[in-house]
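Report on the following structure.
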Amino acid sequence: MKTRSLVLPGKGVRRVYAALFAVMAFTGFGQMPIFKRYYVSDIPGMGWSADFYLTHTIHYLGAIVLLGLFAYLAADYLLSVRRRYRLTAAGMVRAALLAGIVITGIFRVLKNLPDVTFSPAFTLIIDIAHLGFMMVFLVAALAFALTKKGWVLEREMNPS
Amino acid sequence: MSKHLSRRTFLKAGIAAAGALTASRLPLPNAVKGASSKELATLIDIRKCIGCGACVEACQWTNESKYPEPEKPFPRMYPSRVKVSDWSDKRDVTDRLTPYNWLFIQEATVTVDGEERTLTIPRRCMHCQNPPCADLCPWGAARKLENGITRIHPDICLGGSKCKVVCPWHIPQRQTGTGLYLDILPSFAGNGVMYKCDRCYDRVAQGELPACIEICPEQVQKIGPRDAIVAEAHAIAKEIGGYLYGEKENGGTNTIYVSPVPFEELNRAIEKGPGRPHLKPVEDAMAHADNLAKAMVIAPIVGIAAAAARFLKSTSRRPESQEKEDRS
Numbered sequence: 001m002k003t004r005s006l007v008l009p010g011k012g013v014r015r016v017y018a019a020l021f022a023v024m025a026f027t028g029f030g031q032m033p034i035f036k037r038y039y040v041s042d043i044p045g046m047g048w049s050a051d052f053y054l055t056h057t058i059h060y061l062g063a064i065v066l067l068g069l070f071a072y073l074a075a076d077y078l079l080s081v082r083r084r085y086r087l088t089a090a091g092m093v094r095a096a097l098l099a100g101i102v103i104t105g106i107f108r109v110l111k112n113l114p115d116v117t118f119s120p121a122f123t124l125i126i127d128i129a130h131l132g133f134m135m136v137f138l139v140a141a142l143a144f145a146l147t148k149k150g151w152v153l154e155r156e157m158n159p160s
Numbered sequence: 161m162s163k164h165l166s167r168r169t170f171l172k173a174g175i176a177a178a179g180a181l182t183a184s185r186l187p188l189p190n191a192v193k194g195a196s197s198k199e200l201a202t203l204i205d206i207r208k209c210i211g212c213g214a215c216v217e218a219c220q221w222t223n224e225s226k227y228p229e230p231e232k233p234f235p236r237m238y239p240s241r242v243k244v245s246d247w248s249d250k251r252d253v254t255d256r257l258t259p260y261n262w263l264f265i266q267e268a269t270v271t272v273d274g275e276e277r278t279l280t281i282p283r284r285c286m287h288c289q290n291p292p293c294a295d296l297c298p299w300g301a302a303r304k305l306e307n308g309i310t311r312i313h314p315d316i317c318l319g320g321s322k323c324k325v326v327c328p329w330h331i332p333q334r335q336t337g338t339g340l341y342l343d344i345l346p347s348f349a350g351n352g353v354m355y356k357c358d359r360c361y362d363r364v365a366q367g368e369l370p371a372c373i374e375i376c377p378e379q380v381q382k383i384g385p386r387d388a389i390v391a392e393a394h395a396i397a398k399e400i401g402g403y404l405y406g407e408k409e410n411g412g413t414n415t416i417y418v419s420p421v422p423f424e425e426l427n428r429a430i431e432k433g434p435g436r437p438h439l440k441p442v443e444d445a446m447a448h449a450d451n452l453a454k455a456m457v458i459a460p461i462v463g464i465a466a467a468a469a470r471f472l473k474s475t476s477r478r479p480e481s482q483e484k485e486d487r488s
């Protein structure tokens, strides 16, 4: 019998994660001036997608929830899940890419604060890296989904 | 060993958010601090301006080498709704902002001390303290320098015009047919380069004055540390019973206007439209980001607390037999 502490995040958490990531990807790409150009904002009900300030606010709100969720999942893994499961290589790749997205995102948030100025080169790097990490993550996540490579595998207990 | 490494990797990935965001609340090292004290602001005393246009001409002479030389014919744009923006054959336009004219004189006929007068107002980028154009540029092409100048780098800008959309005054102006987009997907992404006043960043870096300030025969403009400029602007306003614009607009800018008449009145009197910015009050466009950034510090802490609570709850209920199994 599995105890509650060793159970992986349930469907609810996974759905929230997937929905959040979709929102973050959409509003993130919406920071580029492409939704108006390519008629996305012309779709009935999608006019908001061309409002940079609105998509930026949604992106920040999503980041708040996602940061909380990542912290929860990471702490849950360290406290409980790792006793029974181990990260796969695919899981580690995804975790590393997510770390890249989060860290560059944090620097972007810092950059947007008043009285914080980064050098032009560093500004360029974090802006491009944030987008780059996200695009690589989407490709990796798709590849892992197609090849059915999950985040974790159950550890072998009492191999005898 | 690999297990330990994977744990560490995961730990870094997951906890980085909490650590780095918590750090954002701590005092920042000088290397990344925007140094408000280092920011230079300009004071524009509208009373002194005679509208001679010397500043406009000096701006053009000085910055001519930065102006675009677009390649023609322009790439065909897709979809067809994307319009080219070509000012290369209208370089002599000086009554509005264009990619070839980063400063112009706005006129306002108003009543001053019971007498009708036409005031002339030099207009250009305000160089905001927290510029939305730089904050929201997806490529890092627009950036704020430590000395308070906001600059768009022409070699990186793709001309998407987002900076113009998010600018409260819609200052940057696009020229099609130039810049990086020509080397990527010229028909499908980008549309040139955005141009605006860079407050002669190269001259300022060498200790020189911006051209518009240096040439002015009436000393309409002055540049100096922002604190001193703001103090002087307040002193003038108090002396003449005047009004300020730019100190609080958009959360604070590095261009402070002093006027003998309220800016509401000036705003009503000036010609506004594309390339001709308003003089309305402006709320801080990035205030939402500042407020939400605070919540980002709390979110990971809540997440960790939730996981800890779940762990404690589960261990307190764990059957003895399961504990034995785990230990084995």
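If you're matching them up, the sequences are chains A and B in order.
Under our numbering, think of the first position of the first sequence as 1, with each following residue one higher.
Under our numbering, think of the first position of the second sequence as 161, with each following residue one higher.
Where is the CB? At the ideal position from N, CA and C, for every residue including glycine.
Quick caveat: nothing in here was measured; it's all calculated off a predicted structure.
query: Using CA atoms only, rank isn't needed, just tell me which of B:Thr271, B:Lys243, B:Trp262, B:Glu231 is closest to alanine 424 of chain B.; result: In the sequence as presented, alanine is not what sits at residue 424 of chain B; that position holds glutamate. Nearest of B:Thr271, B:Lys243, B:Trp262, B:Glu231 to glutamate 424 of chain B, Cα basis: B:Thr271.
query: With 9 Å as the threshold, decide whether the Cβ of methionine 32 of chain A is near any Cβ in chain B.; result: yes
query: Can you say whether tyrosine 39 of chain A is buried or exposed, counting buried as having 16 or more other CB atoms within 10 angstroms of its CB?; result: exposed
query: Using only the alpha-carbon positions, how far apart do arginine 363 of chain B and glycine 91 of chain A sit?; result: 52 Å
query: Measure from the C-beta of valine 109 of chain A to each C-beta in chain B and report whether the shortest distance is under 9 Å.; result: yes
query: Can you tell me which of the three DSSP states proline 230 of chain B falls into?; result: coil
query: Using a Cβ-Cβ cutoff of 8 Å, what residues of the stretch 227 to 257 of chain B are near chain A? List them in chain order.; result: Pro239, Arg241, Val242
query: Can you list, in chain order, the residues of the stretch 108 to 137 of chain A whose Cβ is nearer than 8 Å to any Cβ on chain B?; result: Val109, Leu110, Lys111, Asn112, Leu113, Pro114, Asp115, Val116, Thr117, Phe118, Pro120, Thr123, Leu124, Ile125, Ile126, Asp127, Ile128, Leu131
query: Quick one: Cα of aspartate 273 of chain B to Cα of proline 259 of chain B, how far?; result: 38 Å
query: Taking 9 Å as the CB-CB limit, is isoleucine 43 of chain A close to chain B?; result: no
query: When burial is assigned at 16 or more other CB atoms within 10 Å of the CB, is alanine 180 of chain B buried or exposed?; result: Because alanine 180 of chain B carries a pLDDT of 38, less than 50, the predicted location of this residue cannot be relied on, and no value is offered for it.
query: Just the C-alpha distance for proline 420 of chain B and leucine 305 of chain B, rounded to the nearest angstrom, thanks.; result: 32 Å
query: So, using beta-carbon positions, are glutamine 335 of chain B and glycine 350 of chain B closer together than 9 Å?; result: no
query: Closest to isoleucine 204 of chain B by CA distance: which of B:Pro298, B:Met286, B:Ala268 is it?; result: B:Met286
query: By DSSP's criteria, isoleucine 312 of chain B is part of a beta bridge. Which residues make up the other side?; result: B:Ala302
query: Buried or exposed: lysine 11 of chain A, going by 16 or more other Cβ atoms within 10 Å of its Cβ?; result: exposed
query: Suppose only complete runs of 3+ residues qualify. What are the beta strand (DSSP E) ranges in the stretch 239 to 286 of chain B, listed by chain order?; result: 264 to 272, 275 to 283
query: Given that a residue counts as buried once 16 or more other Cβ atoms are within 10 Å of its Cβ, and exposed if not, what is threonine 182 of chain B?; result: Any reading at threonine 182 of chain B needs caution, since the residue's pLDDT is 41, under 50, leaving its predicted position unreliable; the model's value is listed next. By the 10 Å Cβ count, threonine 182 of chain B comes out exposed.
query: Contact criterion: CB-CB distance below 9 Å. Does arginine 37 of chain A meet it with respect to chain B?; result: yes
query: Smallest Cα separation from valine 93 of chain A: which of A:Tyr85, A:Val65, A:Val136?; result: A:Val136
query: Determine whether the Cβ of glycine 68 of chain A lies closer than 9 Å to any Cβ atom of chain B.; result: yes
query: Apart from the five residues on each side of it in sequence, which residues of its chain come closer than 7 Å, Cβ to Cβ, to leucine 439 of chain B?; result: Tyr405, Phe423, Leu426, Asn427, Ile430
query: Mind listing, in chain order, the continuous beta strand (DSSP E) runs of no fewer than 3 residues lying wholly within the stretch 352 to 401 of chain B?; result: 353 to 355, 381 to 385
query: Taking Cβ positions only, does serine 419 of chain B come closer than 9 Å to chain A?; result: no
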